[in-house]
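In full-length UniProt numbering, the protein residues as written are 1 to 369.
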């Protein structure tokens, strides 16, 4: 059995959007505090956060105050925001299992959808989202933010020139250690939901997810076959804390992903990177490092560290790229062009994850169409 792509055609918003895009937030905790808010504040000509929704009062107050959202436009229930606020788009940043509900309801309200990854927790949910956004004529975009870090943009630019030749092997890694008390009853809600299957937790869908799309982008060829071991090795949780993946790409090249929540020797600085080896060189991108980009240009040139310009916004180094991803998405909304990362790409990444889970259970390669 393989995982086929949804037979849908992505559409654009039926009504014209002008910048700044009028944005409503569905979910104001976690990544919104860490990165999103600073991005919105840095893009005043592109986005105006006019309403916020979150059932947690502290999250609602913090986002509302920081973004200067009027008290009347702060909602405990996102459905009230969709019904009352004048919005062009929403940004969804809630636990994974809520993404589908929130995206579908936003589409039914006629507003564009920008969602944190993953788009959903199953392909059935993903297809329901795509059906809703197309039926209602609204754009859908996903935050594959690591594609928009300055080091990754430089890596992709150099690969596009063809000077390094053809990619033949890719590798990605995100290794680290969750706290000893990590579990579904953890005091930190962001930790607790990630340890629960019912709300879409797990290492592969929360952590390996980023390396999957990053390595696939560096390889320049879609993943078509998946072999994997997705397992729970250390923590007393009902989701995986370890994912080892092997991919064959459409052009025959291969790549691997290693992701772990149970690797105590790995540091945050050196535990997350991706690389591509080509017929004429290599590139490695560190997602959390002061020297984030290395290139090997052959025996004569050797390895070199390339200087990357200072970012416009200083983002959390572990989850960077939101500035570039949001800026491109708001520009696409205003110009009526295709989303930088659309629903089909989001579904493809989810199909790879579901194939990896199936490959683990059946001990065989699973196709991704």
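Even for Gly, the Cβ is constructed at its ideal location relative to N, Cα and C. What you are looking at is a predicted structure, and each value in this text was computed from that prediction instead of being measured.
Thinking C-alpha only, which one of the options is nearest residue i?
{"i": "residue 31", "options": "301, 77, 96", "result": "96"}
{"i": "residue 299", "options": "193, 120, 16, 280", "result": "280"}
{"i": "residue 29", "options": "204, 206, 83, 58", "result": "58"}
{"i": "residue 303", "options": "283, 287, 321, 209", "result": "283"}
{"i": "residue 331", "options": "246, 88, 202, 76", "result": "88"}
{"i": "residue 364", "options": "228, 348, 204", "result": "228"}
{"i": "residue 145", "options": "349, 273, 38, 214", "result": "214"}
{"i": "residue 183", "options": "138, 16, 197", "result": "197"}
{"i": "residue 334", "options": "46, 152, 278, 231", "result": "46"}
{"i": "residue 174", "options": "329, 343, 245", "result": "245"}
{"i": "residue 219", "options": "247, 195, 231", "result": "247"}
With 16 as the cutoff for other CB atoms within 10 Å, does residue i come out buried or exposed?
{"i": "residue 233", "result": "exposed"}
{"i": "residue 80", "result": "exposed"}
{"i": "residue 295", "result": "buried"}
{"i": "residue 345", "result": "buried"}
{"i": "residue 180", "result": "exposed"}
{"i": "residue 366", "result": "buried"}
{"i": "residue 207", "result": "buried"}
{"i": "residue 18", "result": "exposed"}
{"i": "residue 305", "result": "exposed"}
{"i": "residue 251", "result": "exposed"}
{"i": "residue 90", "result": "buried"}
{"i": "residue 3", "result": "With a pLDDT of 46 at residue 3, under the threshold of 50, the modelled position of this residue cannot be trusted; read the value that follows with caution. With 16 or more other Cβ atoms within 10 Å, it is buried."}
{"i": "residue 86", "result": "exposed"}
{"i": "residue 9", "result": "No answer about residue 9 holds up, because its pLDDT of 44 lies below 50 and its placement is not dependable."}
Residue i to residue j, Cα distance in whole Å?
{"i": "residue 36", "j": "residue 359", "result": "35 Å"}
{"i": "residue 94", "j": "residue 243", "result": "23 Å"}
{"i": "residue 115", "j": "residue 143", "result": "6 Å"}
{"i": "residue 20", "j": "residue 148", "result": "21 Å"}
{"i": "residue 136", "j": "residue 107", "result": "6 Å"}
{"i": "residue 65", "j": "residue 73", "result": "11 Å"}
{"i": "residue 71", "j": "residue 163", "result": "55 Å"}
{"i": "residue 33", "j": "residue 193", "result": "17 Å"}
{"i": "residue 224", "j": "residue 84", "result": "44 Å"}
{"i": "residue 133", "j": "residue 205", "result": "23 Å"}
{"i": "residue 322", "j": "residue 301", "result": "33 Å"}
{"i": "residue 200", "j": "residue 121", "result": "6 Å"}
{"i": "residue 257", "j": "residue 172", "result": "5 Å"}
{"i": "residue 48", "j": "residue 111", "result": "15 Å"}
{"i": "residue 51", "j": "residue 356", "result": "38 Å"}
{"i": "residue 369", "j": "residue 337", "result": "26 Å"}
{"i": "residue 271", "j": "residue 113", "result": "32 Å"}
{"i": "residue 329", "j": "residue 75", "result": "25 Å"}
{"i": "residue 287", "j": "residue 152", "result": "9 Å"}
What do you reckon, are the CB atoms on residue i and residue j nearer than 8 Å?
{"i": "residue 253", "j": "residue 211", "result": "no"}
{"i": "residue 92", "j": "residue 128", "result": "no"}
{"i": "residue 261", "j": "residue 191", "result": "no"}
{"i": "residue 156", "j": "residue 217", "result": "yes"}
{"i": "residue 25", "j": "residue 326", "result": "no"}
{"i": "residue 63", "j": "residue 54", "result": "yes"}
{"i": "residue 170", "j": "residue 255", "result": "yes"}
{"i": "residue 362", "j": "residue 123", "result": "no"}
{"i": "residue 349", "j": "residue 167", "result": "no"}
{"i": "residue 276", "j": "residue 159", "result": "yes"}
{"i": "residue 239", "j": "residue 352", "result": "no"}
{"i": "residue 130", "j": "residue 347", "result": "yes"}
{"i": "residue 203", "j": "residue 236", "result": "no"}
{"i": "residue 67", "j": "residue 109", "result": "no"}
{"i": "residue 140", "j": "residue 320", "result": "no"}
State the beta-bridge partners of residue i as determined by DSSP.
{"i": "residue 117", "result": "For residue 117, which the question treats as bridged, DSSP gives no partner whatsoever."}
{"i": "residue 273", "result": "173, 286"}
{"i": "residue 51", "result": "24"}
{"i": "residue 247", "result": "226, 255"}
{"i": "residue 356", "result": "According to DSSP, which records beta bridges pairwise, residue 356 is partnered with nothing at all."}
{"i": "residue 367", "result": "225"}
{"i": "residue 75", "result": "53"}
{"i": "residue 112", "result": "89"}
{"i": "residue 294", "result": "284, 305"}
{"i": "residue 242", "result": "231, 260"}
{"i": "residue 66", "result": "None; residue 66 has no bridge partner."}
{"i": "residue 140", "result": "113"}
{"i": "residue 80", "result": "DSSP output for residue 80 lists no bridge partner at all."}
Considering only heavy atoms of the ligand SAM, does any lie closer than 7 Å to the CB of residue i?
{"i": "residue 298", "result": "Of ligands this structure carries none, so the ligand SAM is not represented either."}
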